[in-house]
Amino acid sequence: MSQAAEAISGTRDAHPHHDGAEMLRVSDLHAFYGESHILHGVDFDVKRGELVTLLGRNGAGRSTTLKSIMNMVGRRTGSIMINGNETLGMKPHRIPRLGIGYCPEERGIFASLDVEENLLLPPTVRSDGMSLDEIYAMFPNLYERRRSQGTRLSGGEQQMLAMARILRTGARLLLLDEITEGLAPVIVQALGEVLVKLKERGMTIVLVEQNFRFAAPLADRHFVMEHGRIIEEISAAELPSRREHLNSLLGV
Amino acid sequence: MTMIFGVPLMVFMGQLMLGLINGAFYALLSLGLAVIFGLLKIVNFAHGAMYMLGAFVALLGLQHLGLNYWAALLVVPLVVGGLGMLIERFILRRIAHLDHLYGLLLTFGLALIFEGTLINFFGVSGSSYPTPAALEGGMNLGFMFLPIYRGWVLLAALVVCLGTWFVIERTRLGAYLRAGTENSALMQAFGVNVPQLITLTYGFGVALAAFAGVLAAPLYPVSPTMGSSLLIVVFAVVVIGGMGSIIGAVITGLAMGLIEGLTKVYYPEAANTVIFVVMVVVLMLRPAGLFGKEA
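Residue numbers (my numbering), protein chains in the order written: chain F, 1 to 252; chain R, 253 to 547.
Pasting the structure below:
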């Protein structure tokens with residue numbers, strides 16, 4: 001496939017695939033865990049082929065936003081449109097079938113499955129996912145350890161596995177929650193290279209990230225969250241001039 | 253005559269065989285309990301009632317519909333398993349979000365309802381189910397006399413247990429089950445219909461119990477109370493093996509049957525209590541059970 005060839009040759013253009021079509025639109029999203037009101041009207045949109053970040057301090061509601069999109073929290077109100085479909089009333093298991101891959105913050109590697117079983121676990125949601133060979137080419141460590149118990153892998157390998165298994169399903173919109181958390185710099189760099197390759201394949205990515213230095217060169221736009229709302233949107237072009245403002249928002 | 257520790261070989265082997273047969277039933281029932289507990293986290297106190305229903309449906313099917321033994325082995329688990337799926341879908345699911353203790357109490361109540369209803373119609377004395385003609389009689393193996401039906405029960409139980417183990421440990425469906433046991437919310441986020449998986453799992457566990465019930469029908473009196481007396485022992489087996497361990501349930505079931513059989517040979521007075529003694533010892537030394545993971 002030409003896309004695969006392109007991924008391997010690796011052109012490093014930051015914005016190759018925007019066609020302006022809307023992949024995800026979240027409007028006035030409120031979310032509740034039992035009695036506690038976590039999200040207070042979140043609004044943002046992601047275009048096809050874009051990589052956006054959700055930045056903010058701990059507890060700002062970034063992970064909850066991703067979980068709300070997957071219908072993994074309690075009650076939600078507002079609107080979540082995926083590829084033009086309203087998903088607020090959908091059952092949780094229907095949402096990934098719209099072509100969404102979710103990588104949870106705790107990685108969710110299954111201890112009772114070996115690496116390859118973990119990799120093959122999520123059902124295919126579209127026909128054009130990466131093949132097992134392509135995935136092993138992208139993550140050679142996983143091939144070497146494919147018979148190991150999933151949770152015996154190092155933190156970095158577990159993160160690679162958590163990413164790899166949603167690439168196999170054919171998902172085109174990836175929701176990635178804190179994928180660099182607690183990992184060594186060399187692994188973080190490798191994950192950055194993976195994200196670049198995924199962008200080149202035309203994937204749309206929402207990245208929840210603490211490590212702004214990791215996210216900054218990858219993203220097209222940044223959304224800053226606080227107290228369950230989006231309080232600021234900063235495009236990659238605006239970033240150099242607004243860096244200090246952003247730092248003060250994030251408290252770094 | 254050959255003697256083993258002062259007991260004739262034939263007697264010794266005969267008791268061992270009886271023990272293994274009991275063990276096969278312990279294994280089948282604790283396997284179903286383990287499968288259900290794994291995904292639903294419910295201690296299914298209705299399991300004995302489902303085993304009893306298996307035997308009863310086979311008996312009533314034979315008397316009223318002419319359903320023969322071999323057809324019953326296939327049809328009865330489907331019928332009772334279907335009943336199990338209805339119970340899960342319309343009763344257990346409503347309390348799934350509550351503490352698991354409620355599931356235990358509810359299934360216990362269901363067991364009493366099934367048992368009481370059948371006692372009302374059929375009494376407690378029990379009826380006998382004829383041994384299928386093809387499995388009548390026995391063989392003299394030289395060292396022991398083997399009733400063919402008992403050999404068949406052992407074989408059938410082992411095949412079903414190993415088949416279940418294979419499906420759970422080696423297939424994609426089994427991987428869904430194991431993963432759903434660990435983190436069902438994430439499985440939904442991957443697009444797996446977990447509520448449906450839960451219904452099927454409960455139905456399958458119940459079908460295993462019903463299968464055991466059909467196997468038991470020609471061996472034991474078919475009575476409404478046949479399940480509750482067995483279930484107490486099966487729970488002890490599950491505690492010994494460790495909650496939720498598939499292979500642990502099978503091995504422990506067979507082993508406890510053997511231990512019970514051996515006790516019958518050497519100290520018959522303790523035969524009914526030996527499993528509980530083992531349970532107490534295991535709980536003191538290894539609270540998670542022999543095959544369970546320490547929390």
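The C-beta atom is built at its ideal place from N, Cα and C for all residues, glycine as well.
Asked                                                                                                                                                                                                : Found
Could you tell me which chain F residues have their CB closer than 8 Å to the CB of residue 435 (chain R), listed as they occur along the chain?                                                     : 108, 110
How big is the Cα-Cα spacing for residue 499 (chain R) and residue 509 (chain R)?                                                                                                                    : 16 Å
From F:105, F:106, F:81, pick the residue whose C-alpha is nearest to that of residue 95 (chain F); which is it?                                                                                     : F:81
Is any heavy atom in the ligand NAD found nearer than 7 Å to the beta carbon of residue 389 (chain R)?                                                                                               : In the structure on display, the ligand NAD does not appear, and there are no ligands present to speak of.
Could you pull the start and end residues of the alpha helix (DSSP H) that residue 102 (chain F) belongs to?                                                                                         : Premise fails: residue 102 (chain F) lies in the beta strand (DSSP E), 100-103, not in any alpha helix (DSSP H).
With C-beta atoms as the reference, is residue 287 (chain R) less than 8 Å away from residue 306 (chain R)?                                                                                          : no
Residue 524 (chain R) touches chain F at which residues, Cβ-Cβ below 7 Å?                                                                                                                            : By Cβ distance, chain F contributes nothing, its closest Cβ being about 36 Å from residue 524 (chain R), past 7 Å.
What residues of chain F sit near residue 528 (chain R), judged by a beta carbon separation below 7 Å?                                                                                               : Neighbours of residue 528 (chain R) on chain F: none; closest Cβ ~30 Å, over 7 Å.
What residues in its chain sit with their C-beta under 8 Å from that of residue 9 (chain F), if we drop five residues either side in the sequence?                                                   : Bear in mind that a pLDDT of 39 at residue 9 (chain F), under 50, signals an unreliable position, so the number given afterwards is only what the model happens to contain. Nothing listed; no residue qualifies.
Going by DSSP, name the residue or residues bridged to residue 77 (chain F).                                                                                                                         : F:30
Between the beta-carbon of residue 72 (chain F) and the beta-carbon of residue 437 (chain R), is there less than 8 Å?                                                                                : yes
Note down the Cα distance separating residue 361 (chain R) from residue 192 (chain F), rounded to an integer number of angstroms.                                                                    : 56 Å
Could you name the residues of the stretch 430-459 of chain R whose beta carbon sits closer than 9 Å to any beta carbon of chain F, in the order they occur along the chain?                         : 430, 431, 433, 434, 435, 437, 438, 439, 440, 441, 442, 443, 444, 445, 446, 447, 448
How would you list, in chain order, the residues of chain F whose beta-carbon sits under 7 Å from the beta-carbon of residue 427 (chain R)?                                                          : 113, 117, 121
Using the beta-carbon count (16 or more within 10 Å), is residue 112 (chain F) buried or exposed?                                                                                                    : buried
Out of F:128, F:21, F:236, F:184, point me to the one whose CA is closest to residue 53 (chain F)'s CA.                                                                                              : F:236
Give every residue of the same chain whose Cβ lies closer than 7 Å to the Cβ of residue 6 (chain F), excluding the five residues on either side of it in the sequence, and list them in chain order. : Reliability of the predicted coordinates at residue 6 (chain F) is poor, the pLDDT of 40 falling under 50, and the value obtained from them is presented with this limitation in mind. The answer, listed in chain order, is 200.
Between which two residues does the beta strand (DSSP E) holding residue 391 (chain R) run?                                                                                                          : 390-392
Between residue 136 (chain F) and chain R, is there a C-beta pair that is closer than 8 Å?                                                                                                           : no
List the residues of chain R that residue 206 (chain F) touches, going by C-beta distances under 9 Å, in chain order.                                                                                : Correct list: empty, because the minimum Cβ distance to chain R is about 14 Å.
In the DSSP assignment, what residue or residues form a beta bridge with residue 223 (chain F)?                                                                                                      : F:54, F:233
If distances are taken between C-alpha atoms only, which option among F:57, F:152, F:129 comes closest to residue 226 (chain F)?                                                                     : F:57
Within a Cβ cutoff of 8 Å, which residues of the same chain sit near residue 352 (chain R), ignoring the five residues on either side of it in sequence?                                             : 293, 294, 295
Using the C-alpha atoms, what's the distance from residue 222 (chain F) back to residue 233 (chain F)?                                                                                               : 6 Å
Below 8 Å, how does it come out for the stretch 339-349 of chain R and the stretch 265-280 of chain R: are there three or more Cβ pairs, yes or no?                                                  : no
Do residue 302 (chain R) and residue 458 (chain R) have their C-beta atoms closer together than 8 Å?                                                                                                 : yes
At 9 Å on the CB atoms, spell out the chain R contacts of residue 97 (chain F), in chain order.                                                                                                      : 443
Just mark residue 133 (chain F) as buried or exposed, buried being the case when its beta carbon has 16 or more other beta carbons within 10 Å.                                                      : exposed
If you follow the alpha helix (DSSP H) that residue 479 (chain R) is part of, which residue opens it and which one closes it?                                                                        : 478-493
Kindly indicate the opening and closing residues of the alpha helix (DSSP H) around residue 575 (chain R).                                                                                           : With chain R covering only 253 through 547, there is no way to say anything about residue 575 (chain R).
Determine whether the beta carbon atoms of residue 475 (chain R) and residue 378 (chain R) lie at a separation below 8 Å.                                                                            : yes
Nearest chain R C-beta to residue 125 (chain F) closer than 8 Å, yes or no?                                                                                                                          : yes
At a CB-CB cut-off below 7 Å, which residues of chain R make contact with residue 102 (chain F)?                                                                                                     : 441
Roughly how many angstroms lie between the CA atoms of residue 323 (chain R) and residue 148 (chain F), to the nearest whole one?                                                                    : 43 Å
Buried or exposed for residue 12 (chain F), going by 16 or more other Cβ atoms inside 10 Å?                                                                                                          : Any answer about residue 12 (chain F) is weak, because its pLDDT of 41 lies below 50 and its placement is not dependable; what the coordinates show is given next. Exposed, because fewer than 16 other Cβ atoms sit within 10 Å of the Cβ of residue 12 (chain F).
When DSSP labels each residue in this structure, what does residue 44 (chain F) get in the three-state scheme?                                                                                       : strand
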